[in-house]
Amino acid sequence: MKFGILQLNSTIGDYEANRLKLVAAYEQACRQGAEFVLAPELFLCGYPPRDLLLREDFIEAGLRCLNETAKAVGNVPLCVGYVDRNPARPGRSLTNSAAVLQNGKIVFRQNKSLLPTYDVFDEDRYFEPAKQGELAPFVFNGRKLGLTICEDIWNDEDFWPERLYRRDPIKELITQGAEIIVNISASPWHAGKERTRLAMLQRVARDERVPLVQVNLIGANDELIFDGNSVALNRTGEPVALGKAFAEDILVVEIEGGANDPLTRPAATL
């Protein structure tokens, strides 16, 4: 399966500009043969939206933008991060979510499980996490894809001496047969972060024996800098595609999942 990785810079609150950029990049990846395309966490609204999330008109505009984006998506699915409403009560009114768009429709939704609330992060202030049992792989072309959002992948018990969360969304998805792990991120940079991130992702791929595809945001919002450095790993943790550092990039890379399949093979870098 060929994955399109859209390492793009979004502007907080500029839904229309973000949508137009996303659709243009999606179409470019499709022309290069991508079969499943990924965009970063909360790309449509920009990250971090902070107290804009308290405005109902901001949330409504984001949902309209998601539906408009879906209209531009054909048979090749596009997975993108957005803010959704939480229909369940009690609980916080919003979720940090990923939507899979295909043929003009929203065909799958996945909420973020692990909400960072430390250092520069305050997601628990706004979002309700996915509950135990709500995670499920997305099946596409006979393959089970485990869709995760940023922090969901940062809790590997073998990599971290002390974990922040009791849950491990990766293991929950692997238990359900996920063959390829997909992660959409808005992971901010600090000195050495790119090395830590890559080492952690490699550990996950090696331990679970599954390929892993991650797209990361690029740009700067408020005091946060996003470095990109998106990556695709084979099931032994070897990088087969790396996004640029501190620059927009579009990658198309072929991934083969499953224990009996050949390892991943690079397809193209745009």
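For the sequence shown, my numbering gives the first residue as -3, with consecutive numbering after it.
Heads up, the beta-carbon is just placed ideally off N, CA and C, and yes, glycines get one too.
Owing to the predicted nature of the structure, the values given are computational and were not obtained by experimental measurement.
Beta-carbon contacts of residue i that lie in its chain and below 7 Å, excluding the five residues immediately before and after
{"i": "K17", "result": "L4"}
{"i": "A21", "result": "L2, L4 and I246"}
{"i": "R202", "result": "T232 and G233"}
{"i": "A132", "result": "Q172"}
C-beta atoms of residue i and residue j nearer than 7 Å
{"i": "T91", "j": "N71", "result": "no"}
{"i": "Y11", "j": "C75", "result": "no"}
{"i": "I149", "j": "N179", "result": "yes"}
{"i": "M196", "j": "F242", "result": "no"}
{"i": "I214", "j": "E244", "result": "yes"}
{"i": "A209", "j": "A228", "result": "Correcting the residue type first, residue 209 is Val in the shown sequence and not Ala. Cβ distance < 7 Å, so V209 and A228 count as in contact."}
{"i": "F278", "j": "G77", "result": "A question about residue 278 goes unanswered here, because the residues of the chain that appear run from -3 up to 266."}
{"i": "L97", "j": "A57", "result": "no"}
{"i": "R199", "j": "D152", "result": "yes"}
{"i": "V211", "j": "S226", "result": "yes"}
Nearest-angstrom Cβ-Cβ length linking residue i and residue j, presumed shorter than 8 Å
{"i": "P207", "j": "I176", "result": "5 Å"}
{"i": "S93", "j": "D80", "result": "4 Å"}
{"i": "E124", "j": "G87", "result": "4 Å"}
{"i": "F136", "j": "L143", "result": "Wrong, their Cβ atoms sit about 10 Å apart, outside the cutoff."}
{"i": "E37", "j": "I145", "result": "5 Å"}
{"i": "L110", "j": "R163", "result": "7 Å"}
Close-in-space but distant-in-sequence residues of the same chain around residue i (CB under 8 Å, 5 per side omitted)
{"i": "C26", "result": "G0, V33, G70 and V72"}
{"i": "G42", "result": "S6, T7, I8, G9, D10, N14 and N217"}
Residue burial classification, residue i (beta-carbon count within 10 angstroms, cutoff 16)
{"i": "T232", "result": "exposed"}
{"i": "Q172", "result": "exposed"}
{"i": "L259", "result": "Residue confidence is low: L259 scores 45 on pLDDT, short of 50, so the model does not pin down where it sits. No coordinate-derived value is stated."}
{"i": "L50", "result": "exposed"}
{"i": "E31", "result": "buried"}
{"i": "A263", "result": "Confidence is the limiting factor: at A263 the pLDDT is only 49, short of 50, which leaves the residue's position unreliable and the question unanswerable from this model."}
{"i": "V116", "result": "exposed"}
{"i": "R159", "result": "exposed"}
{"i": "P157", "result": "exposed"}
{"i": "P35", "result": "Reading off the sequence, residue 35 comes out as Ala, not Pro. A35 is buried by the Cβ-count criterion."}
CA nearest to the CA of residue i, picked from the options
{"i": "A187", "options": "R85, R46, D152 and D223", "result": "D223"}
{"i": "I102", "options": "P165, P83, N63 and V19", "result": "N63"}
{"i": "P45", "options": "N230, A182 and E252", "result": "A182"}
{"i": "K140", "options": "E153, T192 and E168", "result": "E168"}
Same chain, Cβ closer than 6 Å to residue i, five either side skipped, listed in chain order
{"i": "N256", "result": "Because N256 sits at a pLDDT of 34, beneath the cut-off of 50, its placement in the model cannot be relied upon, and the point is left open."}
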